[in-house]
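*Asks:* Per numbering that gives the first Met the number 0: the sequence shown = residues 0 to 285.
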Amino acid sequence: MDRPEIDLAGKAAFVTGGGGGIGRASALALAAAGADVAVVDVIPERCDEVCTAVRAMGRRALGIPGNVMDSAMVAEAVEAAAAEFGRLDLLVNNAGGVTWRAFGDLTEKNWRRHIDLNLVSNLAATSAAIPHMIAAGGGAIVNVTSIEASRAAPGYAVYAACKAGINNLTRTLAVELSEHGIRVNAIAPDFTLTPGTMGNYTGPVDESTWPDMGGERGEILRRRIPAGRAGIDHECGNLVAFLASPLASYITGTIIPVDGGTWASGGWIRSDSGKWVLPPEMPRQG
Ligand SMILES: NC(=O)c1ccc[n+]([C@@H]2O[C@H](COP(=O)([O-])OP(=O)(O)OC[C@H]3O[C@@H](n4cnc5c(N)ncnc54)[C@H](O)[C@@H]3O)[C@@H](O)[C@H]2O)c1
């Protein structure tokens with residue numbers, strides 16, 4: 000038996016929001032596995048940085064600066080990637096984001112921005128990519144959803160609704176596209192260290208500006224996440240590359256948590272003593 004290997008040689012991939020965080024990590028993991036990679040990102044210098052890193056691995060790269068909330072731009076970007084590489088096999092619908100605010104304080108403009116960013120961008124890229132994947136004889140789509148798709152998410156209502164929509168889109172398209180050899184899966188991260196979660200919203204990714212995640216922040220994560228720490232973007236990127244690859248040839252329609260065990264813990268946290276409790280901790284009888 001051959002040694003199992005994530006092998007994407009000869010494949011071409013398109014990653015939304017691929018300039019930073021989970022999208023960047025996905026682009027680099029796909030390239031490391033052999034794929035040519037196109038990234039679209041609203042920050043041009045992040046596109047350039049990722050393309051340089053992809054080319055340094057000996058792959059072809061295409062950076063497309065643009066805002067995924069513009070569906071026409073997304074469709075054009077997918078066409079540009081397919082033209083550049085002569086094919087398109089893999090799509091990572093990663094771009095998304097959220098601003099914390101109670102639902103009652105949101106306006107219709109806020110709802111629509113969340114929906115455009117998180118859901119419509121996914122529909123636009125998927126719709127444009129499917130004909131190319133059919134022409135290539137099959138493909139793989141990996142959606143980046145969230146743990147918030149599967150639980151109540153106070154302060155993130157519209158975002159969570161979009162992510163829940165993506166979960167079901169993942170299952171539905173897995174079935175609809177199966178006859179074309181296109182697999183559709185999703186990854187569901189919990190708190191992951193990325194430019195977005197670290198407040199690095201503009202310019203190049205610059206980890207020197209990120210807050211210290213030790214001290215009180217580290218202690219909160221240690222208590223809340225069974226793995227005892229935040230996720231790292233490459234832990235998502237590795238799963239994206241696996242799901243995109245032939246190693247996952249019999250996996251479609253799944254939503255896989257990348258969350259250090261948060262989903263499994265279902266609200267249990269580590270207490271001061273290290274014991275697992277449902278907060279607030281009940282005083283023991285006797
Ligand atoms: N980081 C987390 O803790 C976490 C947890 C669960 C789910 N997610 C999901 O993972 C995905 C990536 O999250 P992240 O934290 O890596 O993102 P991020 O905020 O760090 O941004 C990643 C990249 O996307 C680009 N981007 C943002 N808006 C864009 C737009 N409108 N058009 C084009 N590019 C845009 C940014 O410039 C950045 O380079 C999102 O869908 C997010 O909802 C993240």
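Note that CB positions come from ideal geometry on N, CA and C, so glycine has one too.
What you are looking at is a predicted structure, and each value in this text was computed from that prediction instead of being measured.
1) Which partner residues of Pro188 appear in the DSSP bridge assignment?
2) Going by the DSSP bridge assignment, what does Asn92 pair with across the sheet?
3) With hydrogens ignored, establish whether the beta-carbon of Asn109 is closer than 8 Å to any heavy atom of ligand 1.
4) I need the DSSP call for Asn153, collapsed to helix, strand or coil.
5) Please report the residue range of the beta strand (DSSP E) in which Val38 lies.
6) Please report the distance separating the alpha-carbon of Asp1 from that of Ala226.
7) Excluding five sequence neighbours on each side, which residues of the same chain lie with their C-beta closer than 7 Å to the C-beta of Val36?
8) Is Trp110 helix, strand or coil by DSSP?
9) Check whether the Cβ atoms of Gly95 and Gly16 sit closer than 9 Å, and answer yes or no.
10) Under DSSP, the beta strand (DSSP E) around Leu87 begins and ends at which residues?
11) With H, G and I counted as helix, E and B as strand and the rest as coil, what does DSSP make of Thr15?
12) Report the option in Ile129, Asn142, Arg223 whose CA atom is closest to the CA atom of Ser264.
13) Using 9 Å as the threshold, is the C-beta distance between Val183 and Asn121 below it?
14) Hey, would you say the C-beta of Glu147 is under 8 Å away from at least one heavy atom of ligand 1?
15) The beta strand (DSSP E) that contains Ala60, what's its start and end?
16) Classify Trp262 as helix, strand or coil using the three-state DSSP reduction.
17) Check whether the Cβ of Asp40 lies closer than 8 Å to any heavy atom of ligand 1, and answer yes or no.
18) Say the cut is 8 Å; is the CB of Thr15 nearer than that to a heavy atom of ligand 1?
19) What first and last residue would you give for the alpha helix (DSSP H) that runs through Asp271?
20) Should Asp232 be listed as close to ligand 1, given that the test is whether its C-beta is under 8 Å from any heavy atom?
21) Return the residue from the list Ala101, Pro210, Asp258 that minimises the CA-CA distance to Tyr291.
22) Is DSSP giving Ile5 helix, strand or coil here?
23) Do you know whose CA, among Asp40, Trp99, Glu107, lies nearest Ala76's CA?
*Replies:* For this structure:
1) Within the sequence shown, the letter at position 189 stands for residue 188. Paired residue(s): Val257.
2) Here residue 92 is taken as the residue at index 93 of the sequence shown, counted from 1. Paired residues: Asn142.
3) For the purposes of this step, residue 109 is taken as residue 110 along the sequence shown, with counting starting at 1. Checking the Cβ of Asn109 against ligand 1 gives no.
4) Stepping through the sequence shown from its first residue, residue 153 is reached at position 154. A small fix is needed here, since residue 153 is Pro in this sequence, not Asn. It is coil, neither helix nor strand.
5) The residue you call residue 38 lines up with position 39 of the sequence shown. First-last of the beta strand (DSSP E) with Val38: 35 to 40.
6) Within the sequence shown, residue 1 is the residue found at index 2, counting from 1. Within the sequence shown, residue 226 is the residue found at index 227, counting from 1. If I take the Cα positions, the gap works out to 32 Å.
7) Numbered from 1 along the sequence shown, position 37 holds the residue referred to as residue 36. Once the five neighbours on either side are set aside, the close Cβ partners of Val36 are Ala12, Val14, Ala26, Leu29, Ala30, Val53, Arg58, Ala60.
8) Locating residue 110 in the sequence shown gives position 111, where the first residue counts as 1. DSSP places Trp110 in helix when its eight states are reduced to three.
9) Mapped onto the sequence shown, residue 95 falls at position 96. Mapped onto the sequence shown, residue 16 falls at position 17. Cβ distance < 9 Å, so Gly95 and Gly16 count as in contact.
10) Within the sequence shown, the letter at position 88 stands for residue 87. Looking at the DSSP string, Leu87 is not in any beta strand (DSSP E), and its letter there is neither H nor E.
11) Here residue 15 corresponds to residue number 16 of the sequence shown, with the count starting at 1. Correct three-state label for Thr15: strand.
12) Locating residue 264 in the sequence shown gives position 265, counting from the first residue. The residue with the shortest Cα to Cα distance from Ser264 is Arg223.
13) Within the sequence shown, the letter at position 184 stands for residue 183. Within the sequence shown, the letter at position 122 stands for residue 121. It is not a contact, given that the beta carbons lie outside the stated cut-off.
14) One-based indexing of the sequence shown puts residue 147 at position 148. For ligand 1, at least one heavy atom lies less than 8 Å from the Cβ of Glu147.
15) Taking the sequence shown and counting its residues from 1, the one referred to as residue 60 is at position 61. Segment 60 to 64, the beta strand (DSSP E) holding Ala60.
16) Here residue 262 corresponds to residue number 263 of the sequence shown, with the count starting at 1. It is helical.
17) For this step, residue 40 is matched to residue 41 along the sequence shown. The answer is yes for Asp40.
18) For the purposes of this step, residue 15 is identified with residue 16 of the sequence shown, where counting begins at 1. Yes, the Cβ of Thr15 comes within 8 Å of a heavy atom of ligand 1.
19) As a first step, residue 271 is located in the sequence shown; it is residue number 272 there, counting from the start. Element bounds for Asp271: n/a, residue is neither H nor E.
20) Position 233 of the sequence shown holds residue 232. Under cutoff, so the answer is yes.
21) Outside the displayed range of the chain (0 to 285) lies residue 291, so it cannot be described from this structure.
22) By 1-based counting over the sequence shown, the position of residue 5 is 6. Ile5: coil per DSSP, three-state reduction.
23) Taking the first residue of the sequence shown as 1, we reach residue 76 at position 77. Considering only alpha carbons, the answer is Asp40.
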